[in-house]
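A.B. asks:
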């Protein structure tokens, strides 16, 4: 099954565009879990158990696990084993290198770890992304417009009147022969998101930047979804993981995720009926 | 000591601009080493012992080690322990993410592994690179023009008449407050290299793409060096690592590295006296 069909299947089955970012910071894990053998893994287990019926995807930023050294590597592997089949699992790695090297990254992310999807940087062009696209079942979200302040440094520079990110979007649309390409567009740039959805009506768009980063949720859904109200993947990390810093953190995460899914669905109902 | 001073010290002490890329492919390790406990580590040890007086730097592409899973992670750590102090060790990772995430990558590369330098992708702008630059002793080579065919997709697009990569070079020059920024410019693009050296006369430039990728060595040195004939870091990987596929591989690597250093120095002598 092509990646886009896997994504649509879970978005409709769980009636959810929500993606929970499992970017677990060891310093923010409740004290009671600190005694367990692997606090990060235990925290992730509780969050996954509390939220898996509410999401279409989990996103794990590889950096958070790499920073913990080989223990983090193992926690990442074991966390992936806990996620129920059918849910999209995004290894947020933003890799990109010459062809034979990107192939190594694809092997690590898709074969060694078994992620359903990853994120990639477009700067090195087609042959740096191509190795991620050979397996139609695995998705790749290419960075178009990111949610951080530095997005303006290069992504918005204009080439013959159109910003760099539009050139990226047009290229990615052409690379989508296996129906497994997507884009990353930050919720902090609603005008760019609207323009990108118009240029790429049928690509999945991963949308970080709501919550802690201040992006507007309503415009993210309204402008990021397809005409049918799907294909947007709305990521939230800190607001869910740390909804409570006490022992009720999993219940609090479930409440927060449930509220966010419902809020998203209300907006979908309003605009896409 | 700021990164640029560390680089200049070793370039002058070893009289070498050569960087050996330790991108070890397990499939290409001679049969006799396959029996050892950790063939990749043993191969790297022999290459380092045979070449360390001839180089200014080693570059390890993290992808090659990640693709081997946690064993590769360990081989990477243990390889770094074998490199004599004073030689620059570049963790070629091409990372870049929002600020708090890039900080995680910087921690992993500079603190956990202890690399002297890394490579970073510019697409996400200043705050995605800044966390790599806080420690003046650690260098960061930002991708400007890469050696692969896809470099033309975005890097050469013109904004008000000047290609995107020039905008990157100008920004990086401004980010160089701690004297620890550098650039990556592929040897396959000599005209761009010449232009970039003119724009950034005092930044280190890491130059991949000679040898297997077909870049011209003479123009790489002539256009990539500073006015004093230093600051270019000329990378060669496969031509040195696999100079022989037999038991004499380390001797063959030394011969090849020695020849390449001398060839580089002859060009330096000719153009920079």
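Residue numbers (my numbering), protein chains in the order written: chain A, 152 to 424; chain B, 152 to 424. C-beta atoms are modelled at their ideal positions from N, C-alpha and C, and glycine is treated no differently. All values derive from a computational prediction rather than experimental measurement.
1. So that I know if they touch, is there some Cβ in chain D lying closer than 8 Å to that of residue 266 of chain A?
2. Can you check whether the CB of residue 354 of chain B is closer than 8 Å to the CB of residue 374 of chain B?
3. Please list, in chain order, the chain A residues whose beta carbon lies closer than 8 Å to that of residue 319 of chain B.
4. Could you tell me whether any Cβ in chain A is nearer than 8 Å to the Cβ of residue 252 of chain B?
5. Jot down the residue ranges of each uninterrupted alpha helix (DSSP H) in the segment 204-279 of chain A, minimum 4 residues, whole runs only, in chain order.
6. By DSSP, does residue 300 of chain A sit in helix, in strand, or in coil?
7. Keeping to the same chain, check which residues put their C-beta closer than 6 Å to that of residue 174 of chain B; ignore five residues upstream and five downstream.
8. Give me the DSSP bridge partner(s) of residue 384 of chain A.
9. Could you give the uninterrupted runs of the alpha helix (DSSP H) lying entirely in the segment 300-356 of chain A, keeping only those of 4 residues or more?
10. By the three-class DSSP mapping on this structure, what secondary structure does residue 173 of chain B have?
11. Residue 292 of chain A bridges to which residues according to DSSP?
12. Is it the case that the Cβ atoms of residue 339 of chain A and residue 272 of chain A are separated by a distance below 8 Å?
13. Assign residue 366 of chain A to one of three DSSP states: helix, strand, or coil.
14. Measure the C-alpha to C-alpha separation of residue 322 of chain B and residue 350 of chain B and round it to an integer number of angstroms.
15. Check for me: the alpha helix (DSSP H) holding residue 422 of chain B runs from which residue to which?
16. Quick one: list the residues of chain B neighbouring residue 247 of chain A, beta-carbon separation under 7 Å, in chain order.
17. Please report how far the alpha carbon of residue 392 of chain A lies from the alpha carbon of residue 190 of chain B, in whole angstroms.
18. In terms of residues, what are the limits of the alpha helix (DSSP H) holding residue 197 of chain A?
19. Comparing the C-beta of residue 365 of chain B with each C-beta of chain A, is any distance below 8 Å?
20. According to the neighbour-count rule (16 or more other Cβ atoms, all chains shown, within 10 Å of its Cβ), is residue 420 of chain B buried or exposed?
21. Go to residue 157 of chain A, then tell me how far its alpha helix (DSSP H) extends in each direction, as first and last residue.
22. Could you work out which residue in B:337, B:357 and B:347 is closest to residue 364 of chain B when comparing CA atoms only?
23. Alpha carbon to alpha carbon, what distance is there between residue 240 of chain A and residue 205 of chain A?
24. Would residue 278 of chain A pass as an interface residue toward chain B - the criterion being a Cβ-Cβ separation below 8 Å?
25. At a Cβ cut of 8 Å, what residues of the segment 195-223 of chain A count as close to chain B, listed as they run along the chain?
26. Which residues of chain B have a Cβ atom closer than 7 Å to the Cβ of residue 357 of chain A, listed in chain order?
27. Quick one: grab the DSSP three-state call for residue 180 of chain B.
28. Going by DSSP in three states, residue 390 of chain A sits in which element: helix, strand or coil?
29. Tell me the rounded alpha-carbon separation between residue 171 of chain A and residue 178 of chain B.
30. Could you give the distance in angstroms between the alpha-carbon of residue 380 of chain B and the alpha-carbon of residue 196 of chain B?
31. Would a check of beta-carbon distances place residue 362 of chain A closer than 8 Å to chain B?
32. Might you give, ordered along the chain, the residues of its own chain that have their beta carbon closer than 7 Å to the beta carbon of residue 228 of chain B, omitting 5 neighbours on each side?
33. Relative to the alpha-carbon of residue 261 of chain A, which residue among A:290, A:275 and A:235 has its alpha-carbon at the smallest distance?
C.D. replies: Taking the structure as given:
1. Given the protein chain composition of this structure (A and B), no chain D is represented.
2. Residue 374 of chain B sits at position 223 when you count from the first residue of the second chain. Residue 354 of chain B sits at position 203 when you count from the first residue of the second chain. No, the pair does not count as a contact, with Cβ atoms beyond the cut-off.
3. In the second chain, counting from the first residue as 1, residue 319 of chain B sits at position 168. For residue 319 of chain B, the chain A residues whose C-beta falls within less than 8 Å of its own C-beta are 305, listed in chain order.
4. Numbered from 1 along the second chain, position 101 holds the residue referred to as residue 252 of chain B. Yes, because at least one Cβ of chain A sits closer than 8 Å to the Cβ of residue 252 of chain B.
5. Complete alpha helix (DSSP H) runs here, min 4: 213-217, 220-233 and 250-257.
6. Within the first chain, numbered from 1, the residue matching residue 300 of chain A stands at position 149. Coil, per DSSP.
7. Mapped onto the second chain, residue 174 of chain B falls at position 23. The residues are 212, 215 and 388.
8. If you number the first chain from 1, residue 384 of chain A lands on position 233. Paired residues: A:357.
9. Listed in chain order, the complete alpha helix (DSSP H) runs (minimum 4 residues) inside the segment 300-356 of chain A are 302-305, 315-326 and 341-350.
10. The residue labelled residue 173 of chain B in the question sits at position 22 within the second chain. DSSP, reduced to helix, strand and coil, places residue 173 of chain B outside both helices and strands of the structure shown, so it counts as coil.
11. In the first chain, residue 292 of chain A corresponds to position 141, counting from 1. The partner list for residue 292 of chain A (beta bridge, DSSP) reads A:270 and A:333.
12. By one-based count along the first chain, residue 339 of chain A stands at place 188. By one-based count along the first chain, residue 272 of chain A stands at place 121. Contact flag unset, no.
13. Residue numbering aside, residue 366 of chain A sits at position 215 when the first chain is read from its first letter. DSSP, read as helix, strand or coil, puts residue 366 of chain A in strand.
14. Here the question's residue 322 of chain B lines up with position 171 in the second chain. Here the question's residue 350 of chain B lines up with position 199 in the second chain. Their Cα atoms are separated by approximately 11 Å.
15. Along the second chain, read from residue 1 onward, the residue named residue 422 of chain B stands at position 271. Its alpha helix (DSSP H) spans residues 400-423.
16. Along the first chain, one-based indexing puts residue 247 of chain A at 96. Within chain B, the residues placing a beta-carbon under 7 Å from that of residue 247 of chain A are 245 and 272, ordered along the chain.
17. Looking up residue 392 of chain A in the first chain gives position 241. Looking up residue 190 of chain B in the second chain gives position 39. The alpha-carbon separation between residue 392 of chain A and residue 190 of chain B amounts to approximately 42 Å.
18. Position 46 of the first chain, counting from 1, holds the residue named residue 197 of chain A. Taken as a continuous stretch (DSSP letters only), the alpha helix (DSSP H) holding residue 197 of chain A covers 190-202.
19. On the second chain, position 214 is the one that residue 365 of chain B refers to. Not closer than 8 Å to any Cβ of chain A, the Cβ of residue 365 of chain B fails to qualify, so no.
20. Here residue 420 of chain B corresponds to residue number 269 of the second chain, with the count starting at 1. Residue 420 of chain B is exposed by the Cβ-count criterion.
21. Translated into positions along the first chain, residue 157 of chain A becomes position 6. Where residue 157 of chain A is concerned, the enclosing alpha helix (DSSP H) stretches over 154-164.
22. Along the second chain, one-based indexing puts residue 364 of chain B at 213. For the options B:337, B:357 and B:347, the alpha carbon positioned closest to that of residue 364 of chain B is the one of B:337.
23. Residue 205 of chain A sits at position 54 when you count from the first residue of the first chain. Residue 240 of chain A sits at position 89 when you count from the first residue of the first chain. When rounded, the distance between both Cα atoms is 14 Å.
24. Within the first chain, the letter at position 127 stands for residue 278 of chain A. Cβ-Cβ to chain B under 8 Å: yes for residue 278 of chain A.
25. Those residues of the segment 195-223 of chain A that come within reach of chain B (Cβ to Cβ, closer than 8 Å) are 212, 214, 215, 217, 218, 220 and 221.
26. Residue numbering aside, residue 357 of chain A sits at position 206 when the first chain is read from its first letter. Chain B residues near residue 357 of chain A: none, gap ~14 Å exceeds 7 Å.
27. Your numbering for residue 180 of chain B matches position 29 in the second chain. Note: residue 180 of chain B maps to coil in three-state DSSP.
28. Counting from 1 along the first chain, the entry for residue 390 of chain A is found at position 239. Three-state result, residue 390 of chain A: helix.
29. On the first chain, position 20 is the one that residue 171 of chain A refers to. On the second chain, position 27 is the one that residue 178 of chain B refers to. Pairing residue 171 of chain A with residue 178 of chain B, the inter-Cα distance amounts to about 39 Å.
30. Locating residue 380 of chain B in the second chain gives position 229, counting from the first residue. Locating residue 196 of chain B in the second chain gives position 45, counting from the first residue. C-alpha separation (whole angstroms): 30 Å.
31. Stepping through the first chain from its first residue, residue 362 of chain A is reached at position 211. Using a Cβ-Cβ cut-off of 8 Å, residue 362 of chain A does not count as an interface residue toward chain B, since no Cβ of chain B sits closer than that to its own.
32. By one-based count along the second chain, residue 228 of chain B stands at place 77. Around residue 228 of chain B: 264.
33. Here residue 261 of chain A refers to the residue found at position 110 of the first chain. Of the listed residues, the one whose Cα sits closest to residue 261 of chain A is A:290.
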